[in-house]
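Taking it in order: structure first as structure tokens, then the write-up.
Chains as they are written, first to last, in UniProt numbering: chain V, 1 to 340; chain H, 1 to 264.
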């Protein structure tokens, strides 16, 4: 009995002690992919050259490439990756649905719909307009879904799916009627970071940073809410408030990511599963790991997207979809096995 | 009999459905109290009012003389723990992780996992007899094991008060008695325990104090030997019966006098 107790404690604490190391490993991986992403592309730049270019010396073309394109694009990948992964964790913990992802709340289709309407009316003439349209669409869709489904997470997911279908249908209709909309949407609808570094992205990146920090602060209360409303309430958690704040964070994160890069599926779905074992039942660590692994994945996918085809760049969303399909099957299988 | 947790003249309802109109109850300190009564008589509703899950329309529940509606949520959660009927755990959570979440009311925004937290979790698992299950996934466990895990989570909260809504439902008979024995031990250690129980005989055998309810009102309350007789069972459950001494403990035992075909 005592021996078992000690064994159980020690496995527990081993996992606990391992978490900072795993986080450090994740950060090292992130740094490595970042260096690679600065170097890799149509024009290769070695790490040493890149470092020089960063400090402003060396070939002016390299300097411009590193400072104005590759580095900002890397920053975008980090921000978008973290936003998608953390919002995925929030959706899955809140809805207690392992297959939840930010898109199910209608955020992505809301942004797409708003951009289509905007371009159909000739409002989204530049990157800023597009960004604003995406934000407005994302927020409006999430607000509607939250209002319909405020009583229960399940109702919210169903409302989100229903709204997504309707909005996607309407968007499709507009694209078929109007060539301008079709043109605009064609580029937007496949999530990519190519050229997005030229858009005014400071605001969405700032939103992402604040929302990730807020998610970390909220994480313990969210862990309590995941035990069900009655239990959470008697643990001293204001369930209604935590749910509402979580929804706002999901919308902000997914909305900002979608505004920057367009719809990128699967990152929000898969990353929470990849880090679940490392987090070992701690929602704060789950969020922390997701905030590191999400960027690693998206940065790696974005770097690969530049060189996968000799004919030119592949949008990053296509790379994540290729990775995400098999990963989704893996996740489903894992949950199928775990059933009693 | 002293009582820190008391309810006065509660009117309780869910939306338009009135459950209780003038419900008063005192929870005796340091005792194991059983709440009994027919289905839908307002037992669970009363418990939910006592733990702030349901706000009374009229009347107040007080803890140490303070209206519980005015006590900060986390502070109240350090005094009173509650286990609802059939709580459900998230997928993929291990026993020790679920028990650890019971420490929430003792943690602040930035506090780490403390020695006290670890000690409370280890102690709660030992008390509930689930130390061996610490690394198992909650969803793999049997109903009886899972119920003990949830009790351990409530114990990790380290509260002087523990309220449980039908903790023995869905357990086989062995596990029912194991759980009741655990509740008695907790009482012996000085906790106040209140449980909604379906089985009057179990209530009489294990509880110090019985609250019998019908139609949202308390019909009788007191020590089992003082209040449980054939007249009370007839009044509360509308069941003709004999009440005889339990051959094992001598406490009142209800033996229904209905046989096959005689119940209307």
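Note that CB positions come from ideal geometry on N, CA and C, so glycine has one too.
- Contact annotation, residue 235 (chain V) with residue 104 (chain H): C-beta distance approximately 5 angstroms; criterion of less than 8 angstroms satisfied.
- The beta carbon of residue 87 (chain H) sits closer than 8 angstroms to some beta carbon of chain V.
- Not a single C-beta of chain H is nearer than 8 angstroms to the C-beta of residue 138 (chain V).
- Your pair residue 106 (chain V) and residue 167 (chain V) checks out as a contact, with CB atoms roughly 7 angstroms apart and the cut at 8 angstroms.
- Note on the segment 133 to 193 of chain V: whole alpha helix (DSSP H) runs with a minimum of 4 residues are 153 to 177, 179 to 189, in chain order.
- The continuous alpha helix (DSSP H) containing residue 76 (chain H) extends over residues 73 to 77.
- Between residue 121 (chain H) and residue 201 (chain H), the CB-CB gap reaches or exceeds 8 angstroms.
- By the C-beta criterion, the segment 265 to 280 of chain V is judged to be in contact with the segment 84 to 103 of chain V, since at least 3 inter-stretch pairs fall below 8 angstroms.
- Bounds of the beta strand (DSSP E) holding residue 82 (chain H) are 80 to 83.
- In its chain, beyond the 5 residues on either side, 193, 196, 197, 201, 205, 260, 261 have a beta carbon closer than 8 angstroms to the beta carbon of residue 76 (chain V).
- Take the alpha-carbon of residue 136 (chain V) and the one of residue 222 (chain V): they are about 26 angstroms apart.
- In the DSSP assignment, residue 208 (chain H) falls outside any beta strand (DSSP E), carrying neither H nor E.
- When 7 angstroms is used as the limit between beta carbons, residue 107 (chain H) is near these residues of chain V: 220, in chain order.
- The C-beta of residue 81 (chain H) has 16 or more other C-beta atoms within 10 Å across all chains shown, which makes the residue buried.
- Contact check for residue 254 (chain V) against residue 138 (chain V) passes: the beta carbons are separated by less than 8 angstroms.
- DSSP, reduced to helix, strand and coil, places residue 218 (chain H) within a strand of the structure shown.
- If you look at residue 204 (chain V), you'll find it in the alpha helix (DSSP H) that goes 202 to 225.
- Separation of the CB atoms of residue 296 (chain V) and residue 30 (chain V) is rounded to 5 angstroms, and the pair is thereby assigned contact status at 8 angstroms.
- Within the segment 227 to 257 of chain V, the residues whose Cβ lies closer than 9 angstroms to any Cβ of chain H are, in chain order, 227, 228, 229, 230, 231, 232, 233, 234, 235, 236, 237, 238.
- Between the segment 56 to 75 of chain V and the segment 32 to 46 of chain V, the count of C-beta pairs closer than 8 angstroms reaches three or more; the two stretches touch.
- Annotation for residue 13 (chain H): 19, 57 place their beta carbon closer than 7 angstroms to its own, counting only its chain and skipping 5 residues before and after.
- Excluding its 5 nearest sequence neighbours in each direction, residue 214 (chain H) has C-beta neighbours in its own chain below 6 angstroms: 37, 41, 236, listed in chain order.
- Boundaries of the alpha helix (DSSP H) around residue 81 (chain V): 71 to 95.
- For residue 97 (chain H), the neighbours in chain V by C-beta distance under 8 angstroms run, in chain order, 280, 281, 282.
- The residue among H:125, H:101, H:66 with its C-alpha nearest the C-alpha of residue 224 (chain V) is H:101.
- Under a criterion of Cβ atoms nearer than 7 angstroms, no residue of chain H is adjacent to residue 141 (chain V); the nearest Cβ is some 26 angstroms distant.
- In the DSSP assignment, residue 59 (chain H) falls outside any alpha helix (DSSP H) and lies within the beta strand (DSSP E) extending over 58 to 63.
- DSSP lists H:12 as the beta-bridge partner residues of residue 20 (chain H).
- Here residue 189 (chain V) is buried, its C-beta having at least 16 other C-beta atoms within 10 Å.
- Of all residues in the segment 49 to 66 of chain H, those with a C-beta nearer than 9 angstroms to a C-beta of chain V are 51, 52, 53, reading in chain order.
- Sequence-ordered contacts of the segment 82 to 110 of chain V with chain H read 93, 96, 98 [C-beta pairs closer than 8 angstroms].
- Interface with chain V (8 angstroms Cβ-Cβ cutoff): residue 170 (chain H) is excluded.
- Secondary structure in the segment 238 to 317 of chain V: no beta strand (DSSP E) run of 3 residues or longer lies completely within the stretch.
- Around the beta-carbon of residue 205 (chain H), 16 or more other beta-carbon atoms lie within 10 Å, marking it buried.
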